[in-house]
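Q:
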C-alpha cells in the first residue's frame with residue numbers, strides 16, 4: 879500500500895495475479911474438434927481509499943478490477959471489468 883502525502887494522505891494499492899487452470903475433460907472448439915481445455919487468467923486491480931473518510935474504524939475503498947482469461951476453446955475467451963466499493967476494518 880502506498881500513501882500519498884501530497885494528496886492529503888490518499889492511499890492506493892496495485893495488484894497483479896496470473897494463474898493457469900487445467901481441466902480433466904475436453905471441450906468442443908469452434909472448429910468442432912475436441913481439445914483439452916487450459917485457461918490462463920490474468921487479474922489486475924487498483925484500490926483507492928482515504929483515512930479522512932473513515933467512520934468508527936470503517937474505511938471505504940474504491941476498487942477497479944479487470945480479468946482477462948485466455949482459453950484453448952475460442953468461445954471461452956473474454957474480458958471482464960468491475961468497479962466496486964468495499965468497506966475495510968483494521969484491528
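Numbering (my numbering), first residue to last: 879 to 969.
Don't be surprised by glycine CBs; every beta carbon is placed ideally from N, CA and C.
#1: Determine the contact status of residue 946 and residue 920, defining contact as a CB-CB distance below 8 Å.
#2: Of all the CB atoms in chain B, is at least one closer than 8 Å to the CB of residue 906?
#3: Does the Cβ-Cβ distance between residue 928 and residue 892 come in under 8 Å?
#4: Classify residue 949 as buried or exposed, calling it buried when 16 or more other Cβ atoms lie within 10 Å of its own Cβ.
#5: Between the beta-carbon of residue 922 and the beta-carbon of residue 944, is there less than 8 Å?
#6: I'd like to know whether the C-beta atoms of residue 898 and residue 916 end up nearer to each other than 8 Å.
#7: Hey, quick one: how far does the beta strand (DSSP E) through residue 947 stretch, first residue to last?
#8: Please report the distance separating the alpha-carbon of residue 939 from that of residue 955.
#9: How big is the Cα-Cα spacing for residue 901 and residue 883?
A: In this structure, then:
#1: In contact: residue 946 and residue 920 (Cβ atoms closer than 8 Å).
#2: Any reference to chain B falls outside this structure, which holds one protein chain only.
#3: Cβ distance not < 8 Å, so residue 928 and residue 892 don't count as in contact.
#4: With at least 16 other beta carbons inside 10 angstroms of its own, residue 949 counts as buried.
#5: Yes, they are a contact pair.
#6: Taking 8 Å as the cut-off, the Cβ atoms of residue 898 and residue 916 count as close.
#7: Looking at the DSSP string, the run of the beta strand (DSSP E) that includes residue 947 is 936 to 949.
#8: Taking the straight line from one Cα to the other gives about 29 Å.
#9: Distance between residue 901 and residue 883, taken at the CA atoms: about 47 Å.
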